[in-house]
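A short worksheet on the structure shown next.
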Amino acid sequence: MNRPLRVFLCHSSNDKPAVRELYQKLRAESWIQPWLDEEELYPGQDWNMEIEKAVEAADAIIVCLTKGSITKEGYVQRELRIVLDFADYKPEGTLYLMPVRLEECEPPRRLRAWQYADYFEGQRERGLRRLLVSLKRRAESLGLNLVATVSDKNTRSFEDLFNQAVRILQDEGLVSHSVLQKRLKTSYTTAAHIIDMMEEKNIVHSKNGTSFHRVDQNIKSDVLPFEPVNPRQSNDTQLEETPIHIEDKLTLSNGLEFMRVPAGKFLMGSDKNSENEKPQHTVDIPYDYWMARYPVTNELYNVYATAKGIKHPVDEWEKKNDHPVTYIKWTDATDYCQWLNNLLKAKLPLGLALRLPTEAEWEKTARGTKGREYPWGNIFEKDRCNVNSNSNPFFVITRSIMRTTTSVKAYSPQGDSPYGCADMSGNVLEWTNSLMNVYPYNANDGREDEKASGFRVLRGSTFNYSERGARCAFRSMDYNNRFVGFRVCLAPPLPK
Numbered sequence: 001m002n003r004p005l006r007v008f009l010c011h012s013s014n015d016k017p018a019v020r021e022l023y024q025k026l027r028a029e030s031w032i033q034p035w036l037d038e039e040e041l042y043p044g045q046d047w048n049m050e051i052e053k054a055v056e057a058a059d060a061i062i063v064c065l066t067k068g069s070i071t072k073e074g075y076v077q078r079e080l081r082i083v084l085d086f087a088d089y090k091p092e093g094t095l096y097l098m099p100v101r102l103e104e105c106e107p108p109r110r111l112r113a114w115q116y117a118d119y120f121e122g123q124r125e126r127g128l129r130r131l132l133v134s135l136k137r138r139a140e141s142l143g144l145n146l147v148a149t150v151s152d153k154n155t156r157s158f159e160d161l162f163n164q165a166v167r168i169l170q171d172e173g174l175v176s177h178s179v180l181q182k183r184l185k186t187s188y189t190t191a192a193h194i195i196d197m198m199e200e201k202n203i204v205h206s207k208n209g210t211s212f213h214r215v216d217q218n219i220k221s222d223v224l225p226f227e228p229v230n231p232r233q234s235n236d237t238q239l240e241e242t243p244i245h246i247e248d249k250l251t252l253s254n255g256l257e258f259m260r261v262p263a264g265k266f267l268m269g270s271d272k273n274s275e276n277e278k279p280q281h282t283v284d285i286p287y288d289y290w291m292a293r294y295p296v297t298n299e300l301y302n303v304y305a306t307a308k309g310i311k312h313p314v315d316e317w318e319k320k321n322d323h324p325v326t327y328i329k330w331t332d333a334t335d336y337c338q339w340l341n342n343l344l345k346a347k348l349p350l351g352l353a354l355r356l357p358t359e360a361e362w363e364k365t366a367r368g369t370k371g372r373e374y375p376w377g378n379i380f381e382k383d384r385c386n387v388n389s390n391s392n393p394f395f396v397i398t399r400s401i402m403r404t405t406t407s408v409k410a411y412s413p414q415g416d417s418p419y420g421c422a423d424m425s426g427n428v429l430e431w432t433n434s435l436m437n438v439y440p441y442n443a444n445d446g447r448e449d450e451k452a453s454g455f456r457v458l459r460g461s462t463f464n465y466s467e468r469g470a471r472c473a474f475r476s477m478d479y480n481n482r483f484v485g486f487r488v489c490l491a492p493p494l495p496k
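My numbering puts the sequence shown at residues 1 to 496.
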């Protein structure tokens, strides 16, 4: 069967932070469809009825246990009774009910027949791996395909599938985006041919359980105008690149577009450039997050400035309304995020907040999981970003050759990151939440404390830097705000 494994998360409300993290990690597995009440229940729905329906539809039940949940009276115990009643009807030996301890505790008597997994803080990766083994066995016993599927509510348009195919083929060094983009509007068969290629790479895209197939069995191999790509641009993979899912795009009511970046590991830093980028190391971001597709523009910032009764920092901004806002201090950027949170909080996904990205979130979005030098690959190309590529110095300060900002869409999609974000190389430097601490990066060492004093990291380079500053790993503390803007991240709140 070509559908995901349906997994119900039974838990106490007091354990939400750890359960939410587990939910995000399961959701990052394309073959799993986890069910969590705060994500699936909507205003006006009958809580009891929806819980029972979700348990009945589930292929597997994960029961999250802590000392508090075991002893707590109330809904969690009722939910557990529903789960156990359904478990009683399963054939003996079925991998169905899976207890998961979130801390050291003794499972309730009725759950002691099942082997549990430990998902303790500091040991969660090992616990997750053990849990995934059981879930995969359950999926296989049901005859489910352990490949990427698309649920009905996230069904892609043919154009979305086409765009994903282009990115996959680009990453393989097979074809340039520009040629295929031109043919999209005129050649349905070209798109079908690409999807065939995707299926040959074992990437299955399903609509209501039916895979897309070639629409013309007589397509010739020369339909695609393949262009050779410089082989040096291929990425030496140390970690598997995460596929793009074009449907994972979120647009807020004020027009801000966000692209999903799935949880998982990536390569951060560089061993061959500045000391503050060393050593290159692996960082694991344990949650999905959404990064703004573009930096905040002059036009968007003007809405904030007008609401707050403050002067727009850019003179005559109306002449470049779709350029990134500049002359932004770190406190300006954090104040904007807080204002936007207050404005849109009723419409934001539960458990997520609008804020500045951490340095790790920014870099993963820019370079993907493989450690690319630039958002598009390992070779600099001046037509993909707004930097001063003709300059020999690190950056240029001579007024006679001074450049300026461009539209945030001027270098998209050719300069987009692996997750579809534009302008992550060049145009303006962008604030992050992180203090300029040494590597390896550790989100829990105080560098993400919003109240701590110190220099905050800027990322992305500016229109006046050379190509060396356009690298994804580049870190800056340049406080000339003439070159500085920011972009917004939608993610779990940072610890206080």
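Just so it is clear, CB atoms sit at the ideal spot from N, CA and C, and this is done for glycine as well. Note that the structure is a prediction, hence the values are computed from the model and not measured.
{"query": "Measuring straight from C-alpha to C-alpha, what distance separates Gly122 and Lys265?", "result": "16 Å"}
{"query": "In angstroms, rounded to a whole number, what distance separates the CA positions of Glu104 and Tyr116?", "result": "12 Å"}
{"query": "Within the continuous alpha helix (DSSP H) that includes Asp284, where are the two ends?", "result": "Looking at the DSSP string, Asp284 is not in any alpha helix (DSSP H); the run it does join, the beta strand (DSSP E), is 281-285."}
{"query": "Secondary structure at Ala57, three-state DSSP: helix, strand or coil?", "result": "helix"}
{"query": "DSSP state of Ile379, grouped into three classes?", "result": "coil"}
{"query": "Considering just the uninterrupted stretch of the beta strand (DSSP E) at Ile32, what are its terminal residues?", "result": "32-35"}
{"query": "Can you pull the DSSP bridge partners for Ile62?", "result": "Leu9, Met98"}
{"query": "Would you mind listing the alpha helix (DSSP H) stretches within the stretch 275-357 that are 4+ residues and don't spill past its ends, in chain order?", "result": "298-308, 330-344"}
{"query": "Looking only at C-alpha atoms, which of Thr365, Lys409, Lys364, Leu65 sits nearest to Asp383?", "result": "Lys409"}
{"query": "Which value, in whole angstroms, describes the spacing of the CA atoms of Ala422 and Gly469?", "result": "16 Å"}
{"query": "Touching or not, the stretch 257-271 and the stretch 23-40, by the rule of three or more beta carbon pairs under 8 Å?", "result": "yes"}
{"query": "Are the stretch 278-289 and the stretch 435-451 touching by the rule of at least three beta carbon pairs closer than 8 Å?", "result": "yes"}
{"query": "With a CB to CB cut of under 8 Å and the five nearest residues on each side skipped, what residues in its chain are close to Ser274?", "result": "Phe474, Arg475"}
{"query": "Near Asp322, what residues of its chain come up, given a Cβ to Cβ distance below 8 Å and the 5 sequence neighbours on each side ignored?", "result": "Thr297, Asn298, Glu299, Ser407, Val408, Lys409"}
{"query": "Beta-carbon within less than 6 Å of Tyr336's beta-carbon, same chain only, minus the 5 sequence neighbours each way: which residues are those?", "result": "Tyr304"}
{"query": "Less than 8 Å between the beta carbons of Ala58 and Val7, yes or no?", "result": "yes"}
{"query": "So with Cβ pairs under 8 Å, would you call Gly368 a contact of chain B?", "result": "Of the protein chains in the structure, only one exists, and it is not chain B."}
{"query": "Which residue from His11, Glu79, Val325, Arg101 puts its Cα closest to that of Phe483?", "result": "Val325"}
{"query": "For Phe258, write down the residues that DSSP places opposite it in a beta bridge.", "result": "Leu250, Ala292"}
{"query": "Would the beta-carbon of Ile82 fall within 8 Å of that of Glu39?", "result": "no"}
{"query": "Grouping DSSP H, G and I as helix and E and B as strand, with all else coil, what is Glu430?", "result": "strand"}
{"query": "Report the option in Phe463, Ser434, Tyr465 whose CA atom is closest to the CA atom of Ser453.", "result": "Ser434"}
{"query": "Is Phe120 near the ligand ZN, going by C-beta to nearest heavy atom under 7 Å?", "result": "Here there are no bound small molecules, and the ligand ZN is not part of this structure."}
{"query": "Can you look up Gly264 in the DSSP assignment and give me helix, strand or coil?", "result": "strand"}
{"query": "By how many angstroms is the C-alpha of Pro99 removed from the C-alpha of Tyr374?", "result": "43 Å"}
{"query": "Helix, strand or coil for Leu435? Go by DSSP, reduced to three states.", "result": "strand"}
{"query": "Taking the straight line between their C-alpha atoms, what separation do you get for Lys347 and Ser253?", "result": "8 Å"}
{"query": "If Arg459 and Trp362 are in contact, beta carbons under 8 Å, what's the gap, nearest whole angstrom?", "result": "5 Å"}
{"query": "With a Cβ-Cβ cutoff of 8 Å, do Ala307 and Glu257 count as a contact?", "result": "no"}
{"query": "Pull up the DSSP beta-bridge partners for Gly485, would you.", "result": "Glu430"}
{"query": "Taking the continuous beta strand (DSSP E) assigned at Val457, which residues delimit it?", "result": "456-459"}
{"query": "Contact check, Leu494 vs Glu450 under 8 Å by CB: the rounded distance?", "result": "7 Å"}
{"query": "Please determine, among Asn276, Ile70, Leu36, Phe120, the residue with the shortest C-alpha to C-alpha distance to Met477.", "result": "Asn276"}
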